[in-house]
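For reference, each letter of the sequence shown is one residue, going 23 to 224 in our numbering. Every residue, glycine too, gets a C-beta built ideally from N, C-alpha and C. A quick note: this is a predicted structure, and the numbers were derived from the prediction, not measured. The next block holds one structure in the form of structure tokens; read it before the comments.
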Amino acid sequence: YTDLSTIYERAGRIKGRSGSVTQLPILSMPDDDITHPIPDLTGYITEGQIVLSRQLHRRGVYPPIDTLPCLSRLMNLGIGEGKTRPDHRAVANQLYAAYAQGRDLRKLVAIVGEEALSDIDRAYLRFADQFEERIVGQGQEGRTIEETLDIGWELMAGLPLGELKRVRDFIETYHPDYVKATVTEVAAEQPLAEETDVAAEA
């Protein structure tokens, strides 16, 4: 561990210069074992890790990022109100939890079949598929973080409201069903306002 951390620290230093160098070391894991000493210790030394999945690659998901074992220790410093959006951390936590649930259910389906699942379980399965298709498999699409958060809310709309415990404080502001209801109310009120103005002029 000491030798490996020394190598990383040495590679990030420039004598006589201030500032920092961002390193993106690329590791291959023997037998795809993330607990192997090299990837395991690298995960402790660096500020984060991005794990690629052979399975997602075979399915044509690009970039084939395996979200669950990925990590960023700097994320909280760059997100939230005044930086991205107030719901950013809550949405990330809810998406992560729902995707993990969907992945676990895939293993169960392989044993007992989808017929044995409840309606909520099936909703989580659909969520996992859509998450990989729309959040992970974005390809070369250029989109803002706000657009990605909105897509996350669209995916969460497929789950019962009772399951969205981590985003409870933001549901009325960002959940598509509430946003549509608000827009509908405004649209319904607008003609009344116009009619009132016309009546006043008459």
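Asked                                                                                                             : Found
Range covered by the alpha helix (DSSP H) that runs through Pro59                                                 : 59 to 67
Opening and closing residue of the alpha helix (DSSP H) in which Glu176 lies                                      : 167 to 178
Own chain partners of Arg148 with C-beta closer than 7 Å, once the 5 adjacent residues on each side are dropped   : Gly180
Backbone secondary structure at Ala147 - three-state DSSP                                                         : Looking at the sequence provided, one finds Leu at residue 147 rather than Ala. Leu147 falls in the helix class under three-state DSSP.
Integer-rounded CB distance, given that Tyr146 should sit under 8 Å from Gln116                                   : Rounded, the Cβ-Cβ distance is 12 Å, inconsistent with contact.
Beta-carbon gap between Leu74 and Pro86 smaller than 8 Å                                                          : yes
Proximity below 8 Å, CB of Glu168 to CB of Arg81                                                                  : no
Distance, Ile173 Cα to Ile193 Cα                                                                                  : 14 Å
Reduced DSSP secondary structure (H/G/I, E/B, other) of Ser27                                                     : helix
C-alpha distance - Arg188 paired with Leu177, whole-angstrom precision                                            : 15 Å
The stretch 50 to 65 touching the stretch 128 to 147, judged by at least three CB pairs closer than 8 Å           : no
Spatial neighbours of Tyr118 in its chain, beta-carbon cut-off 8 Å, leaving aside the 5 residues before and after : Thr89, Leu90
Sub-8 Å separation of Gln77 and Leu93 beta-carbons                                                                : no
Collapsed DSSP secondary structure at Gly70 in the structure displayed                                            : strand
Leu46, buried or exposed, once every other Cβ within 10 Å from all chains shown has been counted against 16       : exposed
Between the CA atoms of Ile29 and Gly184 - distance to the nearest angstrom                                       : 48 Å
N-terminal and C-terminal residue of the alpha helix (DSSP H) that His110 is part of                              : 110 to 134
Proximal residues to Gly102 (C-beta, below 8 Å), its chain only, five neighbours per side dropped                 : Pro108, His110, Arg111
Where Leu49 sits in the DSSP three-state scheme                                                                   : coil
Under the three-state DSSP convention, the category Leu78 falls into                                              : helix
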